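**Q** Residue numbers (the numbering used here), protein chains in the order written: chain A, 3 to 378; chain B, 12 to 389; chain C, 1071 to 1403. Backbone N, C-alpha and C define an ideal beta-carbon position, used for all residues, glycine too. Remember, it's a predicted structure, so these values are computed and weren't measured experimentally.
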Amino acid sequence: MKQHDIKMMTPTTIGLIVVMAAGAFVAVYRLFRGLGAATNLNNLWPWGFWIGMDVLGGVAMAAGGFVIAGAVYILNWKKYKPIVRPAILNAFFGYVLAATAIFFDLGQSFRIWHPVVMWQVNSIMFIVAIHVVLYTTTLGAESSPMLFERLRMMGAYRFMNAIMVPIVLFGVLLSTLHQSSLGAVYLIIPSKLSPLWYSSKLPYLFLVSAVFMGLSMVSFETILSSRLFNHPLPVDILRGLARGSLIVAGFYFILKVWDLVAGPGIGAAFAGSFTSNMYLLEMVIGVMLPLVLLAMPKYRTGINSIFSVNLLVIVGVLINRMNVGIFGLAEYASRFGVDYFPSLMELILTAAFIAFAFFGFKVSAKYLNLFPETEH
Amino acid sequence: MKKVEHSMEEETICGFSRRDFLKFCSTMAVGMGLPLGTGAKIAEAVTTQKRPPVLWLSAQECTGCTETLLRTNHPTLDKLILELISLEYHETLLVGAGKQAEQWREKSMKEYKGKYILVVDGSIPVKDNGIYCKIAGKTALSLLGEMAQDAAAVIAIGSCASWGGIPSADPNPTGASPAHEVLKSKGIKTPVVNIPGCPPNPYNFLSTVLYFLTFKKLPELDDQARPKFAYGRIIHENCERRPHFDAGRFAIQFGDDGHRKGYCLYKLGCKGPETFNNCPIQLFNDVGSGAWPVGTGHPCFGCSEKGVGFTLPLHSPARPKYITPPSLFTEVFPHKEGVSSGTKALAAGVSGAAIGAAAAALVSGLGKKDGDSGNKEE
Amino acid sequence: MSMNRRDFLKAAAVGGGAILASQAVSAGASMPRELPPEAVGILYDATLCIGCKSCMVNCKIQNSVPGGALYLPDRKGLPYDFSSPDNIWDDARDLSSKTVNIIKVCKNGTGEHKDETENGFSLVKQHCMHCISPACVSVCPVSALRKDPKNGVVYYVEDRCIGCRYCMLACPFRIPRYEYESASPRVRKCQLCRHRYDEGKYSACCEYCPTGASIFGKVTDLRKEAAKRLTLKPGEEYSFPVQTVGSKEKSRRLVSKYINHLYGMKEAGGTQYLLLAGVPFEMLGFDKNISEQVLPDLTWAYISKIPAVIATVLIGGAATWAVTRGRNKDKEE
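(1) For Leu346/A, return the contacting residues in chain B, with the cut-off set at a CB-CB distance below 7 Å.
(2) Per the DSSP calculation, Glu342/B is bridged to which residue(s)?
(3) For the candidate residues Thr12/A, Gly38/A, Gly66/A, whose alpha-carbon lies nearest to that of Phe315/A?
(4) Any idea if Ser1254/C is buried or exposed, counting beta-carbon neighbours within 10 angstroms, 16 or more meaning buried?
(5) In the DSSP assignment, what are the bridge partners of Lys1184/C?
(6) Whole angstroms are fine: how far does the CA of Trp174/B sit from the CA of Ala190/B?
(7) Under 8 Å, do Lys1174/C and Phe32/B count as touching if we go by C-beta distance?
(8) Hey, could you find the ends of the alpha helix (DSSP H) Ala164/B is sitting in?
(9) Taking all protein chains shown into account, do 16 or more other C-beta atoms lie within 10 angstroms of the C-beta of Asn221/A, making it buried, or fewer, making it exposed?
(10) I'd like to know if Gly1098/C contacts chain A, where contact means its C-beta is closer than 8 Å to some C-beta of that chain.
(11) With which residues is Trp384/A paired in a DSSP beta bridge?
(12) If Gly1348/C sits next to Ala1116/C, beta carbons under 8 Å apart, how far is it from one beta carbon to the other, in whole angstroms?
(13) Would you say Met22/A faces chain B, with C-beta separation under 8 Å as the test?
(14) Tell me, please, which residues DSSP counts as bridged to Gln71/B.
(15) List the residues of chain A that Val1289/C touches, going by C-beta distances under 7 Å, in chain order.
(16) Any C-beta of chain B sitting closer than 8 Å to the C-beta of Ser201/A?
(17) Taking His101/B as part of the beta strand (DSSP E), name the residues at either end of that continuous run.
(18) Measure the C-alpha to C-alpha separation of Gly109/A and Asn215/B and round it to an integer number of angstroms.
(19) Considering only their Cβ atoms, is the gap separating Thr79/B from Thr103/B smaller than 8 Å?
(20) Strictly below 8 Å CB to CB, what residues from chain C border Glu342/B?
(21) Classify Ala1099/C as helix, strand or coil using the three-state DSSP reduction.
(22) Let me confirm a value: Pro1204/C is counted as buried when at least 16 other C-beta atoms fall within 10 Å, else exposed. Which label applies?
(23) Should Gly1387/C be flagged as near chain A, meaning a C-beta pair shorter than 8 Å?
(24) Flag this pair as yes or no: are the beta carbons of Lys1216/C and Val1227/C separated by less than 8 Å?
(25) Identify every residue that forms a DSSP beta bridge with Tyr1343/C.
(26) Tell me, please, which residues DSSP counts as bridged to Cys1201/C.
(27) Skipping 5 residues on each side, what residues in its chain have a beta carbon closer than 8 Å to that of Glu5/B?
(28) So which residues of chain B does Asp341/A contact, with C-beta pairs closer than 7 Å?
(29) Buried or exposed: which applies to Trp49/A, given that a residue is buried once 16 or more other Cβ atoms fall within 10 Å of its Cβ?
(30) When you check each C-beta in the stretch 136–167 of chain B against every C-beta of chain A, which residues fall closer than 7 Å?
(31) Tell me the DSSP bridge mates of Pro64/B?
(32) Please check if any C-beta of chain B sits within less than 8 Å of the C-beta of Asp1357/C.
(33) Looking at Pro136/B: is its Cβ nearer than 8 Å to the Cβ of Ser97/B?
(34) Within 10 Å of its beta-carbon, does Gln1093/C have 16 or more other beta-carbons around it, so buried, or fewer, so exposed?
(35) Hey, which unbroken runs of the alpha helix (DSSP H) at 4 residues or more fall wholly within the stretch 278–354 of chain A?
(36) With a threshold of 8 Å, are at least 3 pairs of Cβ atoms found where one atom belongs to the stretch 231–240 of chain A and the other to the stretch 157–172 of chain A?
See below:
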């Protein structure tokens, strides 16, 4: 098997391990010394980089899992079967990391299980917490056949495959709710979040942008892993994903513009202020450029250009999440004289999460049968 | 003496006019925080009872405490020792000397056994059996035990007698100890009142004596056996410069603008925030307002407070005991417009990374044709 | 589609089955919209406030006892807020984990005249508003923040809190503060001195206010008192009650000019802390974007749709699967 030829001890891997070690130090330090010692969070910035980037961004990045799983198992587009395993594994990593980030962001980390037993149905945070738990479990179940296969537990493997459709359906449901509920988290702060992002449609915007991001993410990592691990590119699949991206991009663009017009008005985006510039950055990189490029067949079909567009979308949606989670609140907090710039430890832990995702994916690629359909 | 006592019953009391005397008694009562009517009670006690016998034992001291007593104006010293109390023994003020003095001391102790007040000033050296301070061949250590045994109460006047004072300052070569510790080690249970200060305010001493005389008990004491009427609050709380402290107006150096304007002396090392005493209320020497260290522009150095005076550096900042808000207010909107710098920097960093990544993606991705990078198609 | 809470819970119970403990349901089911029957609160009249900070001092003292909002079992002394380098003042610059009540000032122009907008200044007392429909209570995933169903006090149950700090994000008045300095942190906020009610006492800030700027009482009475003050003419004499709204102790003084608005009557759905002032409330740090919107309704609009989404996705997904399965098989073969 080709995948098993992946060399583990490359300089990149060592670099990843170093970053992860630094992250582990930060994690332990934060647990023992508290949030104040490890982060720059404060009373007007209760949520910072870990929530804006790691949780909101990480969960959006994981959206590829439910999109592809849904396409393959529910819509029965068997064409995409070859990428379903990496997509689900990627989502699994995304969620585990988001959950870990939440664990370290909680003031009382070891009470993270409280929401599961102390229900409070008025709270979006409760909805989010339940979904993280259930969906991470579901993703574990969806990824389990790979593990069973590796461990040669064929009975369990067959059983999991037999009940895969209901599991995937459940996963699609949870993801739909979870992606949108992350947007709904911000529904309660109409007076704080900049009107450029605050909208009653935040849940829809989050869901659609997550799908957008998910498609790009899957495409991105398929190209990347085929280059890194040196196996053939499934060009047809990538072009299909690009077509899908075009449709979602168009829809997302219309939704965004409609929201802008119905909300603060087009003019607000061109006010030249801090927030309007961040808004424009997000729109240009993450929505308009990809839309224009994808609309042109030349770029929609070329693998290199698809890769570029994927990168634009990923960066753009990440900026969107940070805009909602951080920059959209900046004018409010600044009015009361409170500043925020993530501490070195916040940055290191985030870097460690990303390193862990890469490392974990690489290990999985080596030891699990991640790309079954592309084998020859 | 008898003649004097007789005459005062007719025209004057204790050498005061009746009016002045009542005023004095009321002042004392007010100084102790007692109800106004108590003044009359004190007057009655002072006039109807035999003058209380007082024995004064000086150990390792500088005579500052006696000096402070000499400076009382209501009453003046002569009136105090001749008419208000019966000062039986005082090394500095005695007329007699040598054996005569010691004999009088022993006679008084016998005569007033269990009734006299023993005043101690100066610390008691206990090292090497107390040989560092001797009076008439006897160590202060043994004298104190002897005299305190038969006293009704012991009043330790001054910081030395109250908690050790200057003689006990590091390295304390004589083992200077306060009176109450010596009594405790000797197992003598006579009640002790501490009137610390270097020197203490004489009226705090007088008030305690009169209170004892009037009510036959000691005034309410705090955990360090200091009368609460005098040592119940820190100097900072009654200080005339307190508003400057609350408003953040400080003298930074002696003679600077703030110092001339009478600003708070905290930054010059004023120990008022951790020293219990009533200096700002009682003042000194009966010469009017401002007659106390802080009033003259010098920071309090905490002479009466154990662990502060003669212990901390003179100009080191005090460690406030009771902390309260300043009279300054936070503005509702410290910054009214715009986005603060840290968030801007974060945004700049994120935007920079994003634009960089996007540009690189566009340049490398759109410039090349497929196949150039050696992609294998399925 | 929208549904009321009872329906939602029914649907959730059907969906969630036995996991949904009945206790949890009752904890989450009620987001009040109406003033509780025995609701108590505070009326703060900025025109009476002299800025003595007695309320701040005594708030800290009275809340550092067991049951108080600032109590910490192993803390000696009071929770001082030091922000000057010498640690000589308890000088909170803002609400914090150690200060749940603060007097601030807002100045305009030269800031010479009290309670005037032009070249004036006003004092303002900031602490929890005790909203009738509190955002913080609605967003707390574990019901660590609760609203007392009788007196309406919004209080904190330390043992439940996971420290997600969503309450801090959600509160439009920036009230909840966090013990960032601690490795086992808590949320801190004013709890209207609820630990003192059993002793027959009431909020410390009101008890120790010398001028009657803060008065404690039933919200209905406070609203009446405030309405009465708004009808007074500047310059006429009025007997302002001191400490409590029904107090016999009155402070008779001249009436200042009020802005004709009782803050907290309708803002964010109404609050139990009410304010009167001589300057517009925007100047006093009350965000002008805070509308009369009942904030928990905004998220409820989303949550109430969840059962419908569940049904749609499950049924639609299953149907799609059933339909597409056959077609694709044909295609593949």
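**A** Quick answer:
(1) Taking the first residue of the first sequence as 1, we reach residue 346/A at position 344. Here the premise fails: no neighbours, minimum Cβ distance about 13 Å.
(2) Against the second sequence, residue 342/B aligns to sequence position 331. Under the DSSP definition of a beta bridge, Glu342/B partners with Val1175/C.
(3) Position 313 of the first sequence holds residue 315/A. Checking the displayed sequence, the identity of residue 315/A turns out to be Val instead of Phe. When only C-alpha atoms are compared, the closest one is Gly66/A.
(4) Mapped onto the third sequence, residue 1254/C falls at position 184. By the neighbour-count rule (16 or more Cβ atoms within 10 Å), Ser1254/C is not buried but exposed.
(5) As a first step, residue 1184/C is located in the third sequence; it is residue number 114 there, counting from the start. BP columns for Lys1184/C point to Phe1191/C.
(6) The residue given as residue 190/B occupies position 179 in the second sequence. The residue given as residue 174/B occupies position 163 in the second sequence. Ala190/B and Trp174/B have their C-alpha atoms roughly 8 Å apart.
(7) Residue numbering aside, residue 1174/C sits at position 104 when the third sequence is read from its first letter. Residue numbering aside, residue 32/B sits at position 21 when the second sequence is read from its first letter. Against a cut-off of 8 Å, the Cβ pair of Phe32/B and Lys1174/C comes out as no contact.
(8) Translated into positions along the second sequence, residue 164/B becomes position 153. Note, Ala164/B: premise wrong, no alpha helix (DSSP H); beta strand (DSSP E) at 164–168.
(9) Translated into the one-based positions of the first sequence, residue 221/A becomes position 219. Checking the displayed sequence, the identity of residue 221/A turns out to be Ser instead of Asn. So Ser221/A ends up on the buried side.
(10) Here residue 1098/C corresponds to residue number 28 of the third sequence, with the count starting at 1. Because the pLDDT at Gly1098/C is just 43, under 50, the model does not fix this residue reliably, and the value given afterwards should be weighed accordingly. Yes, because at least one Cβ of chain A sits closer than 8 Å to the Cβ of Gly1098/C.
(11) Absent from the model: residue 384/A. The displayed extent of chain A is 3 to 378, so no value can be given.
(12) Along the third sequence, read from residue 1 onward, the residue named residue 1348/C stands at position 278. Along the third sequence, read from residue 1 onward, the residue named residue 1116/C stands at position 46. Yes, they are in contact, since the Cβ atoms of Gly1348/C and Ala1116/C sit about 6 Å apart, within 8 Å.
(13) On the first sequence, position 20 is the one that residue 22/A refers to. It does not; no Cβ of chain B falls within 8 Å.
(14) By 1-based counting over the second sequence, the position of residue 71/B is 60. DSSP, once it has assigned bridges, lists Ser134/B as partnering Gln71/B.
(15) As a working mapping, residue 1289/C is identified with position 219 in the third sequence. Under the 7 Å cutoff, chain A gives no residues; its nearest Cβ is about 23 Å from Val1289/C.
(16) Here residue 201/A corresponds to residue number 199 of the first sequence, with the count starting at 1. Among the CB atoms of chain B, none fall inside 8 Å of the CB of Ser201/A.
(17) On the second sequence, position 90 is the one that residue 101/B refers to. Counted as a single uninterrupted DSSP element, the beta strand (DSSP E) harbouring His101/B occupies residues 97–101.
(18) In the first sequence, the residue the question calls residue 109/A occupies position 107. In the second sequence, the residue the question calls residue 215/B occupies position 204. For the pair Gly109/A and Asn215/B, the Cα-to-Cα distance works out to about 54 Å.
(19) Translated into positions along the second sequence, residue 103/B becomes position 92. Translated into positions along the second sequence, residue 79/B becomes position 68. Cβ atoms of Thr103/B and Thr79/B: not closer than 8 Å.
(20) In the second sequence, residue 342/B corresponds to position 331, counting from 1. The contacting residues are Lys1174, Val1175, Cys1176, Lys1177.
(21) For the purposes of this step, residue 1099/C is taken as residue 29 along the third sequence, with counting starting at 1. Residue confidence for Ala1099/C is low, a pLDDT of 48 falling below 50, so the modelled location carries little weight; the figure read from the coordinates is stated next. Correct three-state label for Ala1099/C: helix.
(22) Counted from its first residue, the third sequence places residue 1204/C at position 134. Pro1204/C should be labelled buried.
(23) By 1-based counting over the third sequence, the position of residue 1387/C is 317. For Gly1387/C, the answer is yes, since a Cβ of chain A falls inside 8 Å of its Cβ.
(24) In the third sequence, the residue the question calls residue 1216/C occupies position 146. In the third sequence, the residue the question calls residue 1227/C occupies position 157. The question names Lys, yet the displayed sequence has Arg at residue 1216/C. Yes. Within cutoff.
(25) Position 273 of the third sequence, counted from the start, is the residue given in the question as residue 1343/C. Its beta-bridge partners are Ile1112/C.
(26) The count along the third sequence starts at 1 and reaches residue 1201/C at position 131. In the DSSP output, where bridge partners are listed per residue, Cys1201/C has Thr1341/C.
(27) Here chain B comprises residues numbered 12 to 389, so residue 5/B is not present and cannot be evaluated.
(28) Working through the first sequence from its first residue, we reach residue 341/A at position 339. Under the 7 Å cutoff, chain B gives Ser351, Ser352, Gly353, Thr354.
(29) Here residue 49/A is taken as the residue at index 47 of the first sequence, counted from 1. Trp49/A should be labelled buried.
(30) none
(31) In the second sequence, residue 64/B corresponds to position 53, counting from 1. Note: Pro64/B sits in a beta bridge opposite Ser97/B.
(32) For the purposes of this step, residue 1357/C is taken as the residue at position 287 of the third sequence. False, the Cβ-Cβ gap to chain B never drops below 8 Å.
(33) Here residue 136/B corresponds to residue number 125 of the second sequence, with the count starting at 1. Here residue 97/B corresponds to residue number 86 of the second sequence, with the count starting at 1. Not closer than 8 Å, so no.
(34) Along the third sequence, one-based indexing puts residue 1093/C at 23. With a pLDDT of 40 at Gln1093/C, under the threshold of 50, the modelled position of that residue is not reliable, and no figure is offered here.
(35) 291–297, 299–303, 305–327, 332–337
(36) They do not touch, by the three-pair rule.
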